[in-house]
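> Here my numbering = 1-based position in the sequence shown + 211.
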Amino acid sequence: MATTNATAPRDFTDVFVRGFKNESGKRVEIRDTKITGLVMRVTPKNKKSFTLHTRTRVGDKVQITIGTYPAISLKDARKIAMNHLADIRRGHDPREQARLAKALAEAQSLTLTDLLDEVEPIFALTKSTWRAGSRYGRTKPEARAAIENVFQSLLGKPLNKISQSDFAKAVKGYTPKRPRKGKTSANGSVARALTYLRPVFDWASSRGRFRKEGAGREPKLELPDLALIHDPSIDDPTLEGKRDRVLTQDELISVMPLLVYPAPAGLRSNLDPHEDYGPVAFRFLFLTLSRREEVAGARRKDIDVRARTWTKTVKTRRKPGSHGTAERRKVTVPLSNAAIDLLLSLPSFVEGQPEDLVFPSSGGGPLGNWDRTQDTINQASGTSGWHRHDLRRTAATILGQLGVQPAVTDTLLCHVNPYNREQVSSAAPNYMIEKKILHDAIDQERVAVNKLADALASICTPSQVSELARPEGATPSAPAERRKSPWARSA
Numbered sequence: 212m213a214t215t216n217a218t219a220p221r222d223f224t225d226v227f228v229r230g231f232k233n234e235s236g237k238r239v240e241i242r243d244t245k246i247t248g249l250v251m252r253v254t255p256k257n258k259k260s261f262t263l264h265t266r267t268r269v270g271d272k273v274q275i276t277i278g279t280y281p282a283i284s285l286k287d288a289r290k291i292a293m294n295h296l297a298d299i300r301r302g303h304d305p306r307e308q309a310r311l312a313k314a315l316a317e318a319q320s321l322t323l324t325d326l327l328d329e330v331e332p333i334f335a336l337t338k339s340t341w342r343a344g345s346r347y348g349r350t351k352p353e354a355r356a357a358i359e360n361v362f363q364s365l366l367g368k369p370l371n372k373i374s375q376s377d378f379a380k381a382v383k384g385y386t387p388k389r390p391r392k393g394k395t396s397a398n399g400s401v402a403r404a405l406t407y408l409r410p411v412f413d414w415a416s417s418r419g420r421f422r423k424e425g426a427g428r429e430p431k432l433e434l435p436d437l438a439l440i441h442d443p444s445i446d447d448p449t450l451e452g453k454r455d456r457v458l459t460q461d462e463l464i465s466v467m468p469l470l471v472y473p474a475p476a477g478l479r480s481n482l483d484p485h486e487d488y489g490p491v492a493f494r495f496l497f498l499t500l501s502r503r504e505e506v507a508g509a510r511r512k513d514i515d516v517r518a519r520t521w522t523k524t525v526k527t528r529r530k531p532g533s534h535g536t537a538e539r540r541k542v543t544v545p546l547s548n549a550a551i552d553l554l555l556s557l558p559s560f561v562e563g564q565p566e567d568l569v570f571p572s573s574g575g576g577p578l579g580n581w582d583r584t585q586d587t588i589n590q591a592s593g594t595s596g597w598h599r600h601d602l603r604r605t606a607a608t609i610l611g612q613l614g615v616q617p618a619v620t621d622t623l624l625c626h627v628n629p630y631n632r633e634q635v636s637s638a639a640p641n642y643m644i645e646k647k648i649l650h651d652a653i654d655q656e657r658v659a660v661n662k663l664a665d666a667l668a669s670i671c672t673p674s675q676v677s678e679l680a681r682p683e684g685a686t687p688s689a690p691a692e693r694r695k696s697p698w699a700r701s702a
C-alpha cells in the first residue's frame with residue numbers, strides 16, 4: 212500500500228500497518244487518530260516501529276519508544292501507549308520509569324566485580340582504604356584487594372544469583388594462597404573482607420546509614436545483609452584486639468646493635484652489607500617514632516640538616532562533612548642529634564641527589580622486604596613476637612617514662628589531634644597550631660627526641676655488635692673495598 216500523503220494521520224489497522232510501503236526515500240512518521248500521540252515510524256527500508264509523542268503534566272515534550280513491528284503488534288502498541296498516558300496523568304514521568312526499568316534489567320547481569328568497579332571511585336572520596344596507593348607499595352586499594360582475595364570465587368557471578376549462604380560458605384572455606392608466617396588461620400583476613408564489603412552492600416541496597424534518599428545507589432539492589440554472616444575472628448583467640456607489645460630493655464640491648472649501617476656481616480647472606488639499608492631504617496623509625504611508609508618514603512630533600520628537621524607526609528582524616536578527596540598532610544618534625552648522625556653516616560644521604568631515597572633498596576628503589584629484614588633481626592638477636600611498628604610504640608612508652616607530656620609524644624607520633632588525652636575542648640587544635648613562632652622558646656618535641664636518643668645510648672650503642680648478637684656462623688670480616696654509591700652524583 213502506497214500513499215501520496217505519507218505523514219497524514221490515519222486510523223491504524225492491522226492491514227494498514229502491515230501493508231504500508233514507504234516510497235519517499237526518507238523516514239516518515241504517521242500518527243494514529245485513535246490513540247493520541249501514537250506514531251508509527253517507517254524507514255526507507257520499510258522497518259517499522261511505534262513511539263509515543265506526548266507531554267508531561269508540566270508541559271515537557273517526551274518521546275517514548277514502544278517497540279518494533281511486528282514484534283510489538285498494533286494492539287500491544289496501543290495498550291502500552293494508553294498505559295504511558297495514564298501514568299503521565301497520575302504525575303509519573305515515563306522517561307524515569309524507562310530509565311529505572313533499563314537499570315533494573317542491567318542489574319540482572321551485574322556481577323560482584325562490576326559493583327566494586329562502580330563503588331570504588333565513590334568510596335575513595337571518603338575512605339583511604341578505597342584509594343590506590345593509600346598505603347605504601349599498594350597498586351590496588353586495600354579494601355578491594357581484601358574483598359577479592361576472600362570472595363574470589365564469587366567475583367564473576369551475577370549478584371542476583373549469589374545468596375547469603377554463598378557468602379557464608381566463602382567466609383568459612385577461605386584459605387589464603389600464601390599463608391602468612393606464624394598465622395594458624397585466615398580469620399583476620401576474612402574479618403577485614405567482611406568489614407569492607409558490608410558497607411558496599413548497604414550502599415547498593417540503600418540500607419543502614421545509606422537509607423536516606425539519595426545516599427545509596429540508584430536504582431537500589433536487593434542484596435544479602437552481610438551483618439547476618441558470622442565473623443569467625445570473634446571466636447579466634449589468636450587474634451588480638453588492641454596491640455600493646457613493647458620491647459623490654461633487655462630486648463633493646465639485643466636488637467639495637469644490629470640496627471646499623473653497614474648491616475652486620477652475615478645478617479643477609481645474599482646482600483652486601485653496604486647495600487642493606489633495612490636494619491638502619493628500623494633504627495631511624497625508632498628514633499623518630501615514625502611509621503614504616505614514612506621512613507620508606509623519606510627523600511634527601513625532605514631533611515634539613517642545618518635546622519635538624521624532617522618534613523614528611525603523614526596520614527590524615529577527611530574533615531567531617533567534606534566530600535572532597537582526603538589529602539595527606541605535611542608535617543615538620545625535629546630530629547635528634549643521634550638521628551642526624553645516623554643520616555650523615557649513609558652514602559645514600561651524603562652522596563645522593565635531592566630526589567633520592569634516604570633508605571633505598573639495593574637497586575635504588577623503595578626499600579622492601581621489611582618482613583625478611585625483621586626475621587633476620589629476630590633470629591640474630593634471639594628475640595621474637597615484636598613487629599617494626601612496636602618500635603614506635605616502645606619509643607612512645609619510653610618518653611612517657613621520661614616524663615614527656617602525652618601531647619608532645621602524640622605530636623611526634625603525628626596523630627591528627629595530639630590533645631585528645633588532655634582536658635581541653637575539641638576546639639583546641641584549631642587554636643594551638645603546630646607552628647614555631649618564637650625563636651627562643653623551648654622546643655619540647657626536640658627535647659623529647661633527644662631524651663629518647665640519650666636513653667637509648669645509655670643502654671646500648673651502635674658499636675656494640677657482640678658475638679652474642681652476631682648471626683650464627685658469621686665471622687668478623689675485613690672492611691670491604693668501598694664501592695661508589697649508586698646514588699652518588701656523577702663526576
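All C-beta atoms, glycine included, are put in the ideal place defined by N, C-alpha and C.
Once the 5 residues before and after Asp-567 are set aside, which same chain residues still bring their CB inside 7 Å of it?
Contacts found: Arg-510, Arg-511, Ser-559, Trp-698.
> Taking only three categories from DSSP, how would you classify Ile-283?
Ile-283 falls in the coil class under three-state DSSP.
> Can you grab the Cα-Cα spacing for the pair Val-466 / Ile-588, in whole Å?
Going from the Cα of Val-466 to the Cα of Ile-588 covers about 7 Å.
> Can you give me the start and stop residues for the beta strand (DSSP E) that Thr-524 sits inside?
520-525 is the span of the beta strand (DSSP E), which, as asked, contains Thr-524.
> When you compare only the Cα positions, how much space is there between Leu-366 and Gly-425?
If I take the Cα positions, the gap works out to 27 Å.
> Can you look up Gln-564 in the DSSP assignment and give me helix, strand or coil?
Coil at Gln-564, not helix or strand.
> Quick one: Cα of Asn-287 to Cα of Val-361, how far?
In the sequence as presented, Asn is not what sits at residue 287; that position holds Asp. Whole-angstrom Cα-Cα distance: 48 Å.
> Can you tell me where the beta strand (DSSP E) holding Glu-240 begins and where it ends?
Where Glu-240 is concerned, the enclosing beta strand (DSSP E) stretches over 239-242.
> Here's a check: name, in chain order, each residue in its chain whose Cβ is nearer than 6 Å to the Cβ of Gly-489, leaving out the five neighbours to either side.
Same-chain partners within the cutoff: Thr-584.
> Which of the three DSSP states is assigned to Gln-274 in this structure?
Reduced to three states, the DSSP call for Gln-274 is strand.
> For His-534, collect the residues of the same chain with a Cβ closer than 8 Å to its Cβ; drop the 5 residues on either side in sequence, then sort them by chain order.
For His-534, the predicted model reports a pLDDT of 45, less than 50, meaning its position is unreliable; a value from the coordinates is still stated below. Only Leu-336, Thr-337 meet the Cβ criterion.
> Do Ser-547 and Val-660 have their C-beta atoms within less than 8 Å of each other?
Going by C-beta atoms, Ser-547 is nearer than 8 Å to Val-660.
> Measuring CA to CA, which of Asn-398, Glu-433, Asp-582 is closest to Lys-372?
Residue Glu-433 is the option with its Cα nearest to Lys-372.
> Glu-307 to Ile-275, Cα distance in whole Å?
Taking the straight line joining both Cα atoms gives about 11 Å.
> Taking 8 Å as the cut-off, decide whether the C-beta atoms of Pro-473 and Cys-671 are in contact.
No, Cβ-Cβ distance for Pro-473 and Cys-671 is not below 8 Å.
> Tell me which residues share the same chain as Cys-625 and place their Cβ nearer than 6 Å to its Cβ, disregarding the 5 neighbours each side in the sequence.
The answer, listed in chain order, is Val-525, Val-542.
> Could you work out which residue in Met-293, Arg-494, Thr-262, Pro-220 is closest to Thr-159 when comparing CA atoms only?
The chain is shown only over 212 to 702; residue 159 falls outside these bounds and no answer can be derived.
> Tell whether a beta-carbon distance below 8 Å holds between Arg-604 and Val-457.
A contact, by the Cβ cut-off of 8 Å.
> State the DSSP-derived secondary structure class of Asp-225, mapped to helix, strand or coil.
Helix, per DSSP.
> According to DSSP, is Phe-231 part of a helix, a strand, or is it coil?
Of the three classes helix, strand and coil, the one that applies to Phe-231 here is coil, per DSSP.
> Determine the extent of the beta strand (DSSP E) in which Arg-494 is found, giving its start and end residues.
Here Arg-494 belongs to no beta strand (DSSP E); instead the alpha helix (DSSP H) covers 489-499.
> What is the rounded straight-line gap between the Cα of Asp-325 and the Cα of Val-411?
So the alpha carbons of these two residues sit roughly 12 Å apart.
> In the DSSP assignment, the beta strand (DSSP E) including Lys-541 goes from what residue to what residue?
Unbroken beta strand (DSSP E) run through Lys-541: 540-545.
> Quick one, are the C-beta atoms of Leu-470 and Arg-503 less than 8 Å apart?
Their beta carbons are not under 8 Å apart, which means Leu-470 does not touch Arg-503 by this criterion.
> How big is the Cα-Cα spacing for Gly-384 and Glu-656?
Taking the straight line from one Cα to the other gives about 49 Å.
> Helix, strand or coil, according to DSSP, for Leu-623 in the structure here?
Helix.
> In the DSSP assignment, find the beta strand (DSSP E) that holds Thr-262 and state where it starts and stops.
Residues 259-266.
> With 16 other CB atoms within 10 Å as the buried threshold, where does Ile-333 fall?
So Ile-333 counts as exposed.
> Restricting to Cα atoms, I'd like to know which of Gln-460, Gly-477, Asp-654, Ile-514 is closest to Ala-182.
Coverage of the chain is limited to positions 212 through 702, which leaves residue 182 absent and any answer about it impossible.
> How is the beta strand (DSSP E) around Val-250 delimited, first residue to last?
249-253 is the span of the beta strand (DSSP E), which, as asked, contains Val-250.
> In or out: Asp-651 buried (at least 16 other Cβ within 10 Å) or exposed?
Its Cβ having fewer than 16 others within 10 Å, Asp-651 is exposed.
> Quick one: using the 10 Å Cβ neighbour count with 16 as the cut-off for buried, is Glu-486 buried or exposed?
Under this definition Glu-486 is a buried residue.
> Start and end of the alpha helix (DSSP H) containing Thr-459?
First-last for Thr-459: undefined, no H or E at that position.
> Using the C-alpha atoms, what's the distance from Val-253 back to Asp-243?
Cα-Cα distance, rounded: 14 Å.
> May I ask which residues mark the beginning and end of the alpha helix (DSSP H) holding Asn-580?
Unbroken run through Asn-580: none, as it is neither H nor E.
> Quick one: residues in its chain with C-beta nearer than 8 Å to the C-beta of Ala-219, no 5 flanking neighbours on either side, listed in chain order?
Ile-241, listed in sequence order.
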